[in-house]
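First comes the structure, then the notes that go with it.
Numbering (the working numbering), first residue to last: 672 to 839.
Okay, here's the thing in structure tokens:
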């Protein structure tokens, strides 16, 4: 189970709006190589100022690890609103070049019917519990863009304390 807190900022024609949102998700490992997951994005909606709200979305996906975990293939389906209408299909792959450096590529069909689609490329760098990611969207609405993100894992902060084994 995981929770993601997000800060949005958007500037259009010298007007800037911002807001906070959060996601919550569950990941179910089926085998060591296969996992399925579900996520609720922007739970409760995210307010971006005067009347602009980012509506909640939901997603379900599957991931498969290959080459002893060096390659991951993934696909997911997005659903919009409480009627769970199809809002997009995504597929991608990640390849770990060295222990803390991965490259990624993906394809997104925002409508889900593959009549319109775009590609993304990116990379991720892990430094201990800190991960820094960059993705470049090659096309799409409103156009090409660069997305930067950073995440910090709480690690064992919330894990139960390990009991010390008595010595003989």
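By construction, the Cβ of each residue, glycine as well, lies at the ideal position given by its N, Cα and C atoms.
Can the beta-carbon of residue 756 be found less than 8 Å from the beta-carbon of residue 726? no
Which residues does DSSP list as the beta-bridge partners of residue 675? 694
Give me, in chain order, the residues of the same chain whose beta-carbon lies closer than 8 Å to that of residue 742; leave out the 5 immediate sequence neighbours on both sides. 736, 764, 765, 766 and 767
Can you tell which of 708, 715, 694 and 723 has its C-alpha closest to the C-alpha of residue 686? 723
Candidates 782, 750, 683 and 709: which alpha carbon is nearest residue 699's? 709
Environment of residue 734 [buried if 16+ CB atoms lie within 10 Å]: buried
For residue 701, the first and last residue of its enclosing beta strand (DSSP E): Note, residue 701: premise wrong, no beta strand (DSSP E); not H, not E.
What does the alpha-carbon distance come out to for the pair residue 808 and residue 717? 23 Å
Give the range of the beta strand (DSSP E) segment to which residue 819 is assigned. 816 to 823
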